[in-house]
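Numbering (UniProt numbering), first residue to last: 1 to 343.
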(Lines of atoms letter the chains of each structure in order from A and count residues from 1; the text may use other names and numbers.)
(Lines give C-alpha, C1' and ligand atoms only; values in the text may rest on other atoms or scores of the structure.)
Protein backbone atom coordinates (compact mmCIF):
# COMPACT_ATOMS: atom_id res chain seq x y z
CA UNK A 1 0.00 0.00 0.00
CA UNK A 2 2.83 2.41 0.84
CA UNK A 3 4.53 1.73 -2.49
CA UNK A 4 1.21 2.25 -4.29
CA UNK A 5 0.82 5.63 -2.58
CA UNK A 6 4.23 6.71 -3.88
CA UNK A 7 3.92 5.04 -7.29
CA UNK A 8 0.58 6.63 -8.20
CA UNK A 9 1.08 10.04 -6.58
CA UNK A 10 -0.46 12.75 -8.74
CA UNK A 11 1.08 16.19 -9.09
CA UNK A 12 -0.99 19.36 -9.22
CA UNK A 13 -4.25 17.55 -9.82
CA UNK A 14 -7.68 18.06 -8.23
CA UNK A 15 -7.69 17.03 -4.57
CA UNK A 16 -10.38 15.53 -2.41
CA UNK A 17 -9.03 17.03 0.83
CA UNK A 18 -10.34 20.59 0.73
CA UNK A 19 -11.24 21.75 4.25
CA UNK A 20 -13.30 24.89 4.56
CA UNK A 21 -12.47 27.89 6.70
CA UNK A 22 -15.02 26.77 9.29
CA UNK A 23 -12.99 23.60 9.79
CA UNK A 24 -9.87 25.44 10.95
CA UNK A 25 -10.44 24.75 14.63
CA UNK A 26 -11.15 21.13 13.80
CA UNK A 27 -7.89 21.02 11.85
CA UNK A 28 -5.96 22.31 14.85
CA UNK A 29 -7.56 19.70 17.09
CA UNK A 30 -6.92 16.91 14.57
CA UNK A 31 -3.29 17.95 14.12
CA UNK A 32 -2.35 18.10 17.79
CA UNK A 33 -4.57 15.15 18.63
CA UNK A 34 -2.87 12.91 16.08
CA UNK A 35 -0.02 12.15 18.49
CA UNK A 36 0.65 12.23 22.21
CA UNK A 37 2.08 15.38 23.76
CA UNK A 38 5.39 13.63 24.33
CA UNK A 39 5.71 13.01 20.58
CA UNK A 40 5.18 16.69 19.82
CA UNK A 41 7.71 17.64 22.49
CA UNK A 42 10.17 15.17 20.99
CA UNK A 43 9.68 16.53 17.46
CA UNK A 44 10.05 20.12 18.67
CA UNK A 45 13.26 19.21 20.52
CA UNK A 46 14.69 17.39 17.51
CA UNK A 47 13.95 20.31 15.19
CA UNK A 48 15.44 22.81 17.66
CA UNK A 49 18.61 20.74 18.06
CA UNK A 50 19.23 20.14 14.35
CA UNK A 51 18.47 23.76 13.47
CA UNK A 52 20.91 24.98 16.13
CA UNK A 53 23.51 22.46 14.96
CA UNK A 54 22.98 23.55 11.38
CA UNK A 55 23.56 27.19 12.26
CA UNK A 56 26.51 26.66 14.60
CA UNK A 57 28.39 23.87 12.85
CA UNK A 58 27.15 22.66 9.48
CA UNK A 59 26.88 26.08 7.85
CA UNK A 60 30.50 26.76 8.80
CA UNK A 61 31.87 23.75 6.93
CA UNK A 62 33.93 24.37 3.78
CA UNK A 63 31.98 24.74 0.54
CA UNK A 64 33.21 21.68 -1.34
CA UNK A 65 31.52 18.95 -3.33
CA UNK A 66 32.62 16.36 -0.79
CA UNK A 67 31.07 18.38 2.03
CA UNK A 68 27.78 18.63 0.16
CA UNK A 69 27.63 14.87 -0.44
CA UNK A 70 28.49 14.13 3.20
CA UNK A 71 25.79 16.54 4.38
CA UNK A 72 23.25 14.91 2.07
CA UNK A 73 24.07 11.50 3.54
CA UNK A 74 24.00 12.97 7.05
CA UNK A 75 20.46 14.33 6.66
CA UNK A 76 19.30 11.03 5.19
CA UNK A 77 20.73 9.28 8.26
CA UNK A 78 18.96 11.74 10.56
CA UNK A 79 15.69 10.89 8.82
CA UNK A 80 16.36 7.16 9.16
CA UNK A 81 17.06 7.53 12.89
CA UNK A 82 13.85 9.50 13.37
CA UNK A 83 11.91 6.89 11.39
CA UNK A 84 13.33 4.13 13.61
CA UNK A 85 12.14 6.07 16.66
CA UNK A 86 8.66 6.30 15.13
CA UNK A 87 8.76 2.59 14.30
CA UNK A 88 9.74 1.60 17.84
CA UNK A 89 7.39 3.97 19.67
CA UNK A 90 4.29 3.97 17.47
CA UNK A 91 4.62 0.65 15.67
CA UNK A 92 5.62 -0.68 12.22
CA UNK A 93 2.56 0.74 10.47
CA UNK A 94 3.37 4.25 11.69
CA UNK A 95 6.97 3.77 10.57
CA UNK A 96 5.85 2.82 7.07
CA UNK A 97 3.50 5.82 6.92
CA UNK A 98 6.33 8.11 8.03
CA UNK A 99 8.84 6.90 5.46
CA UNK A 100 6.13 7.12 2.78
CA UNK A 101 5.50 10.76 3.70
CA UNK A 102 9.24 11.43 3.65
CA UNK A 103 9.67 9.95 0.16
CA UNK A 104 6.63 11.84 -1.14
CA UNK A 105 8.02 15.15 0.12
CA UNK A 106 11.37 14.48 -1.56
CA UNK A 107 9.75 13.48 -4.87
CA UNK A 108 7.44 16.49 -4.96
CA UNK A 109 10.35 18.80 -4.07
CA UNK A 110 12.47 17.89 -7.10
CA UNK A 111 10.93 20.83 -8.97
CA UNK A 112 12.17 23.18 -6.24
CA UNK A 113 15.79 22.25 -6.92
CA UNK A 114 15.64 23.49 -10.50
CA UNK A 115 13.61 26.61 -9.77
CA UNK A 116 15.94 27.56 -6.90
CA UNK A 117 18.95 27.01 -9.17
CA UNK A 118 17.35 29.27 -11.77
CA UNK A 119 16.71 32.00 -9.18
CA UNK A 120 20.26 31.88 -7.83
CA UNK A 121 21.69 32.14 -11.34
CA UNK A 122 19.27 34.91 -12.32
CA UNK A 123 20.07 36.97 -9.23
CA UNK A 124 23.81 36.23 -9.50
CA UNK A 125 23.74 35.35 -5.81
CA UNK A 126 27.13 35.23 -4.06
CA UNK A 127 27.85 31.67 -2.99
CA UNK A 128 27.96 32.36 0.74
CA UNK A 129 24.60 34.15 0.64
CA UNK A 130 22.94 31.09 -0.88
CA UNK A 131 23.28 29.27 2.44
CA UNK A 132 21.49 32.02 4.34
CA UNK A 133 18.74 32.33 1.73
CA UNK A 134 18.05 28.59 1.78
CA UNK A 135 18.18 28.44 5.58
CA UNK A 136 15.51 31.14 5.84
CA UNK A 137 13.55 29.32 3.16
CA UNK A 138 13.85 26.07 5.11
CA UNK A 139 12.42 27.57 8.29
CA UNK A 140 9.55 29.18 6.41
CA UNK A 141 8.88 25.96 4.48
CA UNK A 142 8.39 24.10 7.75
CA UNK A 143 5.97 26.81 8.89
CA UNK A 144 4.12 26.64 5.54
CA UNK A 145 3.57 22.91 5.86
CA UNK A 146 2.26 23.33 9.38
CA UNK A 147 -0.21 25.97 8.16
CA UNK A 148 -1.25 23.82 5.20
CA UNK A 149 -2.14 20.93 7.51
CA UNK A 150 -4.49 23.29 9.36
CA UNK A 151 -6.55 23.81 6.19
CA UNK A 152 -4.77 26.56 4.25
CA UNK A 153 -3.77 24.13 1.49
CA UNK A 154 -7.40 23.38 0.64
CA UNK A 155 -8.14 27.09 0.30
CA UNK A 156 -5.23 27.58 -2.11
CA UNK A 157 -6.26 24.55 -4.17
CA UNK A 158 -9.50 26.36 -5.04
CA UNK A 159 -7.51 29.17 -6.67
CA UNK A 160 -7.28 27.34 -9.98
CA UNK A 161 -5.56 30.27 -11.71
CA UNK A 162 -2.35 29.85 -9.68
CA UNK A 163 -0.99 26.81 -11.60
CA UNK A 164 -1.49 28.60 -14.90
CA UNK A 165 0.39 31.70 -13.76
CA UNK A 166 3.24 29.59 -12.42
CA UNK A 167 3.25 27.38 -15.51
CA UNK A 168 3.48 30.36 -17.87
CA UNK A 169 6.37 31.76 -15.83
CA UNK A 170 8.21 28.42 -16.09
CA UNK A 171 7.60 28.31 -19.85
CA UNK A 172 8.95 31.87 -20.16
CA UNK A 173 12.07 31.06 -18.13
CA UNK A 174 12.68 27.80 -19.96
CA UNK A 175 12.26 29.40 -23.38
CA UNK A 176 14.70 32.13 -22.46
CA UNK A 177 17.32 29.60 -21.39
CA UNK A 178 17.22 27.66 -24.66
CA UNK A 179 16.84 30.59 -27.08
CA UNK A 180 19.00 33.45 -25.79
CA UNK A 181 22.42 33.59 -27.45
CA UNK A 182 25.22 32.43 -25.19
CA UNK A 183 27.15 35.69 -25.60
CA UNK A 184 24.25 37.73 -24.27
CA UNK A 185 24.47 38.79 -20.64
CA UNK A 186 21.94 40.49 -18.42
CA UNK A 187 22.25 42.76 -15.41
CA UNK A 188 20.49 41.36 -12.36
CA UNK A 189 18.94 44.79 -11.77
CA UNK A 190 17.24 44.55 -15.18
CA UNK A 191 15.47 41.25 -14.56
CA UNK A 192 11.68 41.30 -14.77
CA UNK A 193 11.25 40.69 -11.03
CA UNK A 194 13.55 43.52 -10.00
CA UNK A 195 12.02 45.92 -12.54
CA UNK A 196 8.52 45.11 -11.26
CA UNK A 197 9.50 45.62 -7.63
CA UNK A 198 11.31 48.84 -8.55
CA UNK A 199 8.11 50.25 -10.03
CA UNK A 200 6.28 49.61 -6.73
CA UNK A 201 9.00 50.25 -4.17
CA UNK A 202 11.06 52.98 -5.80
CA UNK A 203 14.14 53.85 -3.74
CA UNK A 204 13.01 51.42 -1.04
CA UNK A 205 14.48 48.71 -3.25
CA UNK A 206 18.23 48.46 -2.77
CA UNK A 207 19.67 46.93 -5.92
CA UNK A 208 22.70 45.45 -4.16
CA UNK A 209 23.80 42.61 -1.89
CA UNK A 210 24.89 43.39 1.65
CA UNK A 211 27.72 40.86 1.61
CA UNK A 212 29.17 41.97 4.93
CA UNK A 213 26.01 42.08 7.05
CA UNK A 214 24.09 39.58 4.89
CA UNK A 215 20.99 41.66 5.57
CA UNK A 216 17.62 41.33 3.87
CA UNK A 217 16.87 44.95 4.72
CA UNK A 218 19.61 47.60 4.90
CA UNK A 219 19.93 51.36 5.29
CA UNK A 220 20.81 53.29 2.14
CA UNK A 221 20.91 57.08 2.04
CA UNK A 222 19.13 57.24 5.38
CA UNK A 223 16.27 54.97 4.28
CA UNK A 224 15.47 51.33 4.95
CA UNK A 225 15.42 49.36 1.73
CA UNK A 226 15.15 45.72 0.69
CA UNK A 227 18.41 44.27 -0.62
CA UNK A 228 18.67 41.80 -3.48
CA UNK A 229 18.98 39.07 -0.86
CA UNK A 230 15.59 40.13 0.47
CA UNK A 231 14.13 39.99 -3.04
CA UNK A 232 15.66 36.56 -3.58
CA UNK A 233 14.24 35.22 -0.31
CA UNK A 234 10.83 36.63 -1.24
CA UNK A 235 10.98 34.75 -4.56
CA UNK A 236 12.11 31.53 -2.89
CA UNK A 237 9.25 31.69 -0.40
CA UNK A 238 6.71 32.42 -3.14
CA UNK A 239 7.82 29.41 -5.18
CA UNK A 240 7.87 27.08 -2.18
CA UNK A 241 4.48 28.35 -1.01
CA UNK A 242 2.97 27.39 -4.35
CA UNK A 243 4.69 24.03 -4.70
CA UNK A 244 4.22 22.93 -1.07
CA UNK A 245 0.44 22.92 -0.81
CA UNK A 246 0.15 20.27 -3.52
CA UNK A 247 2.19 17.66 -1.66
CA UNK A 248 0.50 18.47 1.66
CA UNK A 249 -2.95 17.99 0.14
CA UNK A 250 -1.92 14.67 -1.38
CA UNK A 251 -0.44 13.55 1.93
CA UNK A 252 -3.63 14.63 3.73
CA UNK A 253 -5.58 12.36 1.38
CA UNK A 254 -3.32 9.33 1.58
CA UNK A 255 -1.68 9.45 5.02
CA UNK A 256 -4.02 9.08 8.00
CA UNK A 257 -1.91 10.83 10.65
CA UNK A 258 -1.17 14.60 10.48
CA UNK A 259 1.72 14.27 12.95
CA UNK A 260 3.47 11.71 10.76
CA UNK A 261 2.74 13.82 7.68
CA UNK A 262 4.19 17.00 9.19
CA UNK A 263 7.23 15.44 10.84
CA UNK A 264 8.18 13.51 7.69
CA UNK A 265 7.95 16.70 5.62
CA UNK A 266 9.98 18.70 8.14
CA UNK A 267 12.85 16.18 8.12
CA UNK A 268 12.67 15.77 4.33
CA UNK A 269 13.18 19.50 3.81
CA UNK A 270 16.67 19.28 5.29
CA UNK A 271 17.46 16.50 2.82
CA UNK A 272 16.07 18.48 -0.11
CA UNK A 273 18.21 21.50 0.78
CA UNK A 274 21.33 19.30 0.93
CA UNK A 275 20.31 17.70 -2.37
CA UNK A 276 20.18 21.14 -3.98
CA UNK A 277 23.82 21.88 -3.16
CA UNK A 278 24.89 18.43 -4.37
CA UNK A 279 22.90 18.89 -7.59
CA UNK A 280 24.33 22.38 -8.08
CA UNK A 281 27.83 20.93 -7.96
CA UNK A 282 26.85 18.48 -10.70
CA UNK A 283 25.34 21.27 -12.80
CA UNK A 284 28.50 23.37 -12.45
CA UNK A 285 30.90 20.51 -13.07
CA UNK A 286 29.23 19.23 -16.22
CA UNK A 287 27.95 22.54 -17.54
CA UNK A 288 24.26 21.65 -17.24
CA UNK A 289 23.41 25.32 -16.90
CA UNK A 290 21.30 26.48 -19.81
CA UNK A 291 19.84 24.04 -22.27
CA UNK A 292 19.37 21.16 -19.84
CA UNK A 293 17.84 23.37 -17.16
CA UNK A 294 15.82 25.17 -19.83
CA UNK A 295 14.30 21.91 -21.08
CA UNK A 296 13.49 20.88 -17.51
CA UNK A 297 11.74 24.21 -16.92
CA UNK A 298 9.78 23.85 -20.17
CA UNK A 299 8.69 20.36 -19.14
CA UNK A 300 7.70 21.55 -15.66
CA UNK A 301 5.77 24.45 -17.16
CA UNK A 302 3.92 22.19 -19.59
CA UNK A 303 2.86 19.71 -16.91
CA UNK A 304 1.79 22.59 -14.65
CA UNK A 305 -0.40 24.09 -17.39
CA UNK A 306 -1.92 20.70 -18.24
CA UNK A 307 -2.26 19.41 -14.67
CA UNK A 308 -6.04 19.79 -14.56
CA UNK A 309 -6.55 18.11 -17.92
CA UNK A 310 -4.15 15.16 -17.70
CA UNK A 311 -2.84 12.83 -15.01
CA UNK A 312 0.69 13.95 -14.04
CA UNK A 313 2.43 11.16 -12.17
CA UNK A 314 4.95 12.57 -9.68
CA UNK A 315 7.38 9.65 -9.92
CA UNK A 316 7.26 9.60 -13.70
CA UNK A 317 7.82 13.36 -13.74
CA UNK A 318 10.97 12.90 -11.62
CA UNK A 319 12.15 10.14 -13.94
CA UNK A 320 11.75 12.33 -17.03
CA UNK A 321 13.53 15.24 -15.35
CA UNK A 322 16.37 12.93 -14.31
CA UNK A 323 16.61 11.61 -17.89
CA UNK A 324 16.83 15.16 -19.27
CA UNK A 325 19.63 15.97 -16.82
CA UNK A 326 21.55 12.77 -17.60
CA UNK A 327 21.32 13.37 -21.35
CA UNK A 328 22.37 17.00 -20.82
CA UNK A 329 25.39 15.87 -18.80
CA UNK A 330 26.39 13.45 -21.53
CA UNK A 331 26.02 16.05 -24.28
CA UNK A 332 27.88 18.64 -22.20
CA UNK A 333 30.70 16.16 -21.65
CA UNK A 334 30.90 15.45 -25.39
CA UNK A 335 30.58 19.10 -26.40
CA UNK A 336 32.89 20.62 -23.83
CA UNK A 337 32.24 23.84 -21.85
CA UNK A 338 28.62 24.97 -21.99
CA UNK A 339 27.15 28.47 -21.92
CA UNK A 340 26.16 30.05 -18.64
CA UNK A 341 22.69 30.54 -17.31
CA UNK A 342 20.96 33.72 -18.39
CA UNK A 343 18.52 35.86 -16.49
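For glycine and all other residues, C-beta sits at the position ideal for the given N, C-alpha and C.
As the structure is a computational prediction, the values presented were derived from the model and not from experiment.
If the five residues before and after residue 50 are omitted, its C-beta is found closer than 8 Å to the C-beta atoms of 78 and 270, all from its own chain and listed in chain order. Of the residues assessed, residue 105 falls on the buried side of the cut-off, its CB having 16 or more other CB atoms within 10 angstroms. With contacts defined as CB atoms closer than 7 Å, residue 244 and residue 96 fail to qualify as a contacting pair.
Where residue 322 is concerned, the enclosing alpha helix (DSSP H) starts and stops at 314-335. Residues 237 of the same chain have their beta carbon placed closer than 6 Å to that of residue 140, with the five preceding and five following residues left out of the count.
Residue 322 is not a Cβ neighbour of residue 72, given a cutoff of 7 Å.
The Cβ-Cβ distance between residue 246 and residue 90 does not fall below 7 Å. Burial check for residue 160: the Cβ neighbour count within 10 Å stays below 16, so the residue is exposed. Secondary structure note for residue 132: its alpha helix (DSSP H) is the uninterrupted segment 127-147. Residue 286 places its beta carbon less than 7 Å from that of residue 332. With 16 or more other Cβ atoms from the protein chains shown falling within 10 Å of its own Cβ, residue 272 counts as buried. Excluding sequence positions up to five before and after residue 144, its CB lies within less than 7 Å of the CB of 240, 241 and 244, all in the same chain and listed in chain order. For residue 224, the beta-bridge partners assigned by DSSP are 219.
Residue 34 places its beta carbon less than 7 Å from that of residue 258. In this model, residue 301 and residue 37 are separated by some 42 Å (Cα to Cα). In the three-state scheme derived from DSSP, where H, G and I count as helix and E and B as strand, residue 61 is classed as coil.
In the DSSP annotation of this structure, the continuous segment of the alpha helix (DSSP H) that includes residue 112 starts and ends at 110-122. Under the DSSP definition of a beta bridge, residue 10 partners with 313. Excluding the 5 residues flanking it on each side, residue 28 has same chain C-beta neighbours closer than 8 Å at 150, in chain order.
DSSP places residue 42 inside the alpha helix (DSSP H), whose first and last residues are 37-56.
Of the candidates 31, 214 and 313, 214 places its Cα closest to the Cα of residue 130. Counted as a single uninterrupted DSSP element, the alpha helix (DSSP H) harbouring residue 271 occupies residues 258-286. Distances from the CA of residue 295 to each of 94, 179 and 193 were compared; the closest alpha carbon is that of 179. By the 16-neighbour rule on beta-carbons within 10 angstroms, residue 99 is buried. Relative to residue 327, the option among 82, 293 and 311 whose CA is nearest is 293. Judged by beta-carbon spacing, residue 80 lies beyond the 7 Å limit of residue 314, meaning their Cβ atoms are not closer than that value. For residue 205, DSSP records a beta bridge to 226. Per DSSP, residue 292 is one residue of the alpha helix (DSSP H) stretching across 291-305.
When only Cα atoms are considered, residue 94 and residue 265 end up about 15 Å apart. Residues of the same chain with a CB within less than 6 Å of the CB of residue 86, apart from the 5 flanking positions on each side, are 94, 95 and 98 in chain order. Between the beta-carbon of residue 204 and that of residue 223 there is about 7 Å, and that keeps the pair under the 8 Å contact cut.
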